[in-house]
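Numbering (the working numbering), first residue to last: 17 to 558. No residue lacks a Cβ here, since even glycine has one placed at the ideal position from N, Cα and C. None of these values were measured; they are calculated from a predicted model.
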Amino acid sequence: NLNGAEIKGNSAARGGGVYVEGYSNLPATLVMEKGTISENKLLVLEDPYDPSYSYQADGGGICAWSVESSNTVIDIRGGVIEKNIVSDETAGTEGAGSVISLNSSGYGYFPTLNLSGSPKIAGDVFLWDESDQGPVIQVTDTFTPVEPVNVDANYKTAGTVAVTYNEKITPNISQFVSADERMGFVADGQSLKWEQLLRVVFKDETNKITYKAIYLIPNSNIEASLAPTTSDDVPARAGYTLDGWKGYGENEKWDFATDTVNSNMTLLAVWSLNAPAVSLEADQTYLHGDVTLKAAASHDATVTYTYQWYKDGQAIDGQTSDSLTATEAGSYTVKVAASDGTLTSAEAESNTIVIFDCSSAAFDDLNLEAWYHEATDYVLTNELMEGYPDKTFKPNAHLSRAILVQILYNKDGAPEVTGTDEYTDTENDAWYSDAVLWATQNDIIEGYDESHFGPDDNVTREQMVAILYRYADYKGVDISASADLTQFTDADQVSEYAVVPAQWAVAEKLIEGMDDGTFSPKGNATRAQIATIIMRYCENVE
17 NLNGAEIKGN
27 SAARGGGVYV
37 EGYSNLPATL
47 VMEKGTISEN
57 KLLVLEDPYD
67 PSYSYQADGG
77 GICAWSVESS
87 NTVIDIRGGV
97 IEKNIVSDET
107 AGTEGAGSVI
117 SLNSSGYGYF
127 PTLNLSGSPK
137 IAGDVFLWDE
147 SDQGPVIQVT
157 DTFTPVEPVN
167 VDANYKTAGT
177 VAVTYNEKIT
187 PNISQFVSAD
197 ERMGFVADGQ
207 SLKWEQLLRV
217 VFKDETNKIT
227 YKAIYLIPNS
237 NIEASLAPTT
247 SDDVPARAGY
257 TLDGWKGYGE
267 NEKWDFATDT
277 VNSNMTLLAV
287 WSLNAPAVSL
297 EADQTYLHGD
307 VTLKAAASHD
317 ATVTYTYQWY
327 KDGQAIDGQT
337 SDSLTATEAG
347 SYTVKVAASD
357 GTLTSAEAES
367 NTIVIFDCSS
377 AAFDDLNLEA
387 WYHEATDYVL
397 TNELMEGYPD
407 KTFKPNAHLS
417 RAILVQILYN
427 KDGAPEVTGT
437 DEYTDTENDA
447 WYSDAVLWAT
457 QNDIIEGYDE
467 SHFGPDDNVT
477 REQMVAILYR
487 YADYKGVDIS
497 ASADLTQFTD
507 ADQVSEYAVV
517 PAQWAVAEKL
527 IEGMDDGTFS
537 PKGNATRAQI
547 ATIIMRYCEN
557 VE
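Below you can see the structure in the form of structure tokens.
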């Protein structure tokens, strides 16, 4: 009775850890309730009288023999049997690697292996005989092994009993597993019998690759987890997804939940072509002439694309290229499918681009009912001013001197300039360099003095009219119109250099006073105010 002891590190030709042999007049029983049988080793012993003969090596952990009777009993109720090994000479010998080996000397007498409790049996239990009437395993009481018991036999034809259960115990096929992948167990009454398994091969017909083979009980389902996946057995294919399996000549994919295996079979990999990545861009988002929309599709495989354009959710007939000319306001998308010549992907839908019928509508902070709406439409449509990347225009923000001269420079067609300005607070390679040089050379703007321009300073209202007045003179426009500034309560606050330009701007109705009756000459001009005065100048003066 092994009840807590440890049998470890021994070696023998039979029963590396324990050898049990019973006779008709001398029964032998090993009861293991707890304890450990581990790291024992099998050896091959040569016959000293005949070197060509070696003794059969059986049972790395336990070897049981019955001689002239069935009086040998191994009763495992608990404990651990693991890590018992074989020598190089016995490796591969049938029965040699067994953790428990049940052997007979013939005459129909066999050892008995009783199992109950919760033992850990790591290794195979080998049932040794030359007929289908050999030793069997008996589950005698409640049995909850730590892991399934691995069973092998030298005689295991379909229908041969391998395990019997006490009549009070319900057979549980999950408690035992065959060491031979080609065989398995089926429950039959209170017994588990050997069953010839069916072979299922998973392969890829396209690449002529066999991924794996499994063996299953006839008329059983394939567990989905047994199928190869691209995370382990199946090499990934760029641009494709492993989408399931199907039988030869079948169109429908194998349904792991309902389809059963009735014969040896091969399942072929079913690949689907991934949808492409697609993005949509537009040269502008408001109707100022036609708007060109361009789709950009990409894929990891070699494919061709088909395009279908949509406006406001409705397909546009006849538009199947990668670009579209939009002539109407609306929401535009494109759906793109890829094809490799055999497979066609699902459609991928692009981002949506909204084309507005007025340019101001493209900016989140512009009120289409505000006083400046017409002006912002004008400067945006004519590309005299731009919004910000975050889809804002910032109508109430101030404008710098550099930006104002850049606006006028752009309006004049951005003529080529040569030389450099003499200001110490400007940079000759800045985005505004050509505009400042152009404005200075043409007397459209002056610095505060010979060395200071103040490119980042906010433009005041009087500076705004003075700069535009000089620009009009540069363009050859009649600048003789003049209005009385005394209508404004702060007329005396207008700087001397700005009086005549202010009189001209008021006379031409380019600028108006503030709601409180002032001209506010020193107040900073807002982007909306500048957009308004530029629109009025372009439409009514020049």
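- Inter-segment contact for the segment 263-280 and the segment 203-223 is present: three or more beta-carbon pairs are separated by less than 8 Å.
- Exposed is the label assigned to glutamine 330, since fewer than 16 other Cβ atoms lie within 10 Å of its Cβ.
- When Leu415, Val115, Asp220 and Pro127 are compared, the shortest CA-CA separation from lysine 136 is found for Val115.
- Tryptophan 261 has Ala285 as its beta-bridge partners, per DSSP.
- For the set Asp494, Ile233, Ala44 and Thr257, the Cα lying nearest the Cα of leucine 129 is the one of Ala44.
- Separation of aspartate 306 and isoleucine 549 (C-alpha to C-alpha, rounded to the nearest whole angstrom) is 27 Å.
- Rounded to the nearest angstrom, the gap between the Cα atoms of asparagine 458 and valine 421 is 12 Å.
- A check of alpha carbon separations from glycine 76 across Ser82, Glu55, Ile92 and Val36 identifies Glu55 as the nearest.
- With fewer than 16 other beta carbons inside 10 angstroms of its own, arginine 198 counts as exposed.
- Counting C-beta pairs closer than 8 Å gives three or more between the segment 303-322 and the segment 360-374, which meets the contact rule.
- Taking the Cβ atoms as the reference, valine 286 lies roughly 6 Å from tryptophan 261, within the contact range of under 8 Å.
- With contact defined as three or more Cβ pairs closer than 8 Å, the segment 403-423 and the segment 445-454 are in contact.
- In this structure, Leu424 is the residue among Gly463, Leu424, Val475 and Gly429 with its C-alpha nearest to the C-alpha of alanine 488.
- Selection Glu239, His414 and Ser288 evaluated against glycine 357 yields Ser288 as nearest (Cα-Cα).
- One alpha carbon belongs to isoleucine 332, the other to alanine 311, and they sit about 15 Å apart.
- Between the alpha carbons of aspartate 531 and valine 475 lies a distance of about 20 Å.
- The C-alpha of glycine 429 is placed about 19 Å away from the C-alpha of threonine 436.
- With a cutoff of 9 Å on beta-carbon distance, aspartate 157 and serine 117 are scored as not near each other.
- The beta carbon of tryptophan 520 lies closer than 7 Å to those of Tyr485, Ile495, Ala497 and Ser498 in the same chain, with the five residues before and after it left out.
- Distance between tyrosine 227 and glutamine 149, taken at the CA atoms: about 38 Å.
- Aspartate 316 and proline 251 have their alpha carbons spaced roughly 15 Å apart.
- Contact annotation: valine 350 and leucine 303 have beta-carbon atoms that are not nearer than 9 Å.
- Within its own chain, the residues whose Cβ lies closer than 6 Å to the Cβ of lysine 24, once the five positions on either side in sequence are excluded, are Ser54 and Glu55, listed in chain order.
- With a cutoff of 9 Å on beta-carbon distance, glycine 533 and phenylalanine 504 are scored as near each other.
- The continuous beta strand (DSSP E) containing isoleucine 369 extends over residues 369-371.
- Leucine 384 places its beta carbon 9 Å or farther from that of phenylalanine 409.
- Of the candidates Leu232, Arg253, Ala203 and Glu528, Arg253 places its Cα closest to the Cα of threonine 222.
- Under DSSP, tryptophan 325 forms a beta bridge with Val350.
- The alpha-carbon of proline 292 is positioned some 47 Å away from that of glutamine 545.
- Counting C-beta pairs closer than 8 Å gives three or more between the segment 81-94 and the segment 20-39, which meets the contact rule.
- A distance of 9 Å or more separates the beta carbons of serine 207 and proline 234.
- CA-CA distance, isoleucine 185 to threonine 173, rounds to 25 Å.
- Under the 10 Å beta carbon count, glutamate 443 is surrounded by fewer than 16 other beta carbons and is classified as exposed.
- At the C-beta level, tryptophan 270 and isoleucine 225 stay beyond 9 Å of one another.
- In the structure shown, the three-state DSSP call for aspartate 333 is coil.
- In the DSSP assignment, methionine 530 falls outside any alpha helix (DSSP H), carrying neither H nor E.
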